[in-house]
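Asker: The following block contains the structure, expressed as C-alpha cells.
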Amino acid sequence: GSRRYRFSPGATKINGLDYYQLLFSNEESGYEWQGDALFFREDSQKVWIYNNGTEKLLYDFALEKGDTFRTDNQDDIYLIVADTDSIELLNGEKRKAIHLYCSNETDTVNYPWYGLQTWVEGIGYLSGILSENSYCMTDNTNTLLCFYNNGEMLYSNPDHTYCWTSGVEDFPEEEAIIFPNPIHDYLRFSADTNIDWQKMVILDMFGNKVFSKNISGYVQDQIDISILPAGTYVLKITDTSNKHIVLKKFTKM
Numbered sequence: 495g496s497r498r499y500r501f502s503p504g505a506t507k508i509n510g511l512d513y514y515q516l517l518f519s520n521e522e523s524g525y526e527w528q529g530d531a532l533f534f535r536e537d538s539q540k541v542w543i544y545n546n547g548t549e550k551l552l553y554d555f556a557l558e559k560g561d562t563f564r565t566d567n568q569d570d571i572y573l574i575v576a577d578t579d580s581i582e583l584l585n586g587e588k589r590k591a592i593h594l595y596c597s598n599e600t601d602t603v604n605y606p607w608y609g610l611q612t613w614v615e616g617i618g619y620l621s622g623i624l625s626e627n628s629y630c631m632t633d634n635t636n637t638l639l640c641f642y643n644n645g646e647m648l649y650s651n652p653d654h655t656y657c658w659t660s661g662v663e664d665f666p667e668e669e670a671i672i673f674p675n676p677i678h679d680y681l682r683f684s685a686d687t688n689i690d691w692q693k694m695v696i697l698d699m700f701g702n703k704v705f706s707k708n709i710s711g712y713v714q715d716q717i718d719i720s721i722l723p724a725g726t727y728v729l730k731i732t733d734t735s736n737k738h739i740v741l742k743k744f745t746k747m
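Next up, the structure:
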C-alpha cells in the first residue's frame, strides 16, 4: 500500500537550528497525520535528518560524477555517483538529478544487485524519502509516485497512472477505458466486466472528492467536468463488496 508524507507547517528549534518534522498518513485522503521523531533541515544544497539526538547528512546535491557519499547503513559501504543530469518537472522547471550506485555492487555497468538510485534536487530519492534506510542492504521495492510543492504537482511517476496504490485487483487496460485524455468538458468511461459496480467518484490529487455518483452493473457513462479547475484527477470506481477498484488518472485542461 501507499503512504503520504509531508512536513510540519512550522519549524521546531533543535540546538538552535530550524527543523521540520516529517509527518505521514496511511489514508488516501491524507487524514490522520502522524509524526515519527524525524526532523529535517536544508542548507546550501545539503539536507540533514535529525533522529534520537543524532544528526546525519541525508543528501548533498553538490555531488558530481565520481564523488562518494557515505551512508550510515554499514561502515564499509558507500554510494558512488555514476552520473549527473537533469529532469524536467511538470511545470517545465529543470532540476539536477544525481544517479548513484552502491560500492558493494559486483557489476558497475548493469548494477544487478541494487540498481541505480536517483536523487532529484528539492525532491530526494525517487524510490521514496526514507529509502536511504535500506539501500545497499536489501532490494528496494519502494517508489515515489507523486511529489507536490505548495499544492502544485511537480512530479508524477511515469510508470504509474495514479498517486495511490492499494492491494486491489488490477484490471487490464481494455476492461477499463477512459477517454479522451486530456479532457476539456466531457469525461467518457467504460468498464466492460462482470463485476457488480456500485459507485463512481472523482478525486483531486489531494484525495478530496469532487464528484460522486451511484452506479450499477455494466459501466458506460459520460460526465460533465467542465466546471472543474484544470489539473490532474483520479476516477475511482468500486464494486458492492468494495474489493474491486478501478483507478484511472486523467488531466482536465
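Those letters in the sequence shown? Residues 495 to 747, by this note's numbering.
Beta carbons are placed, not taken as given, at the ideal position from N, Cα and C, and that holds for glycine.
1) Does DSSP put Ser502 in a helix, a strand or coil?
2) When the Cα of Tyr553 is compared with those of Leu583, Leu532, Ile592, which residue comes out closest?
3) Is the Cβ-Cβ distance between Tyr649 and Leu583 less than 9 Å?
4) Measure the alpha-carbon distance for Leu551 versus Lys588 and round it to whole angstroms.
5) Let's see if you can read the secondary structure: which residues bound the beta strand (DSSP E) around Leu551?
6) Could you check where the beta strand (DSSP E) with Asp579 kicks off and where it finishes?
7) Quick test of the definition: if touching needs 3 or more C-beta pairs under 8 Å, does the stretch 603 to 618 touch the stretch 674 to 690?
8) Quick check on the burial criterion: 16 or more other C-beta atoms within 10 angstroms. Buried or exposed for Leu729?
9) Looking at the structure shown, is Glu625 part of a helix, part of a strand, or coil, going by DSSP?
10) How is Trp527 classed by DSSP in three states: helix, strand or coil?
11) Helix, strand or coil for Glu558, going by three-state DSSP, please let me know.
12) Residue range of the beta strand (DSSP E) that Gln611 falls in?
13) Looking only at its chain, what residues have a beta carbon closer than 8 Å to the beta carbon of Phe501, apart from the 5 residues adjacent to it on each side?
14) DSSP three-state label for Cys630, please.
15) Have a look at the DSSP bridge pairing and note the partners of Asp715.
16) Can you tell me whether Thr600 is helix, strand or coil according to DSSP?
17) Rounded to whole angstroms, what is the Cα-Cα separation between Ser684 and Lys746?
18) For Asn708, tell me which candidate among Asp715, Met694, Cys657 has the shortest Cα-Cα distance.
19) Since Ser621 and Leu639 should fall inside the 8 Å C-beta cutoff, what is the C-beta to C-beta distance between them, to a whole number of angstroms?
20) Using DSSP with H/G/I as helix, E/B as strand and the rest coil, what is His654?
21) In angstroms with no decimal places, state the Cα-to-Cα distance between Glu549 and Ser720.
Answerer: Taking the structure as given:
1) If DSSP states are grouped into helix, strand and coil, Ser502 belongs with coil.
2) The option with the nearest alpha carbon to Tyr553 is Ile592.
3) Against a cut-off of 9 Å, the Cβ pair of Leu583 and Tyr649 comes out as a contact.
4) When only Cα atoms are considered, Leu551 and Lys588 end up about 24 Å apart.
5) Unbroken beta strand (DSSP E) run through Leu551: 548 to 554.
6) Unbroken beta strand (DSSP E) run through Asp579: 572 to 582.
7) Cβ pair count under 8 Å is below three, so no.
8) Buried is the call here.
9) According to the sequence provided, residue 625 is Ser. The question's Glu does not apply to it. DSSP places Ser625 in helix when its eight states are reduced to three.
10) Collapsing the DSSP output to three states places Trp527 in coil.
11) Look at Glu558 here: in three-state DSSP terms it is coil, with no helix or strand label.
12) In the DSSP assignment, Gln611 falls within the beta strand (DSSP E) that extends over 611 to 614.
13) Answer for Phe501: Tyr514, Gln515, Leu516, Leu517, Phe534, listed in chain order.
14) Correct three-state label for Cys630: coil.
15) Bridge partners of Asp715: Phe683.
16) In the structure shown, the three-state DSSP call for Thr600 is coil.
17) Answer to the nearest angstrom: the Cα atoms are 18 Å apart.
18) Minimum Cα distance to Asn708 is reached at Met694.
19) Ser621 to Leu639, Cβ: 11 Å. No contact.
20) Three-state DSSP puts His654 in coil, outside helix and strand.
21) Cα-Cα distance, rounded: 49 Å.
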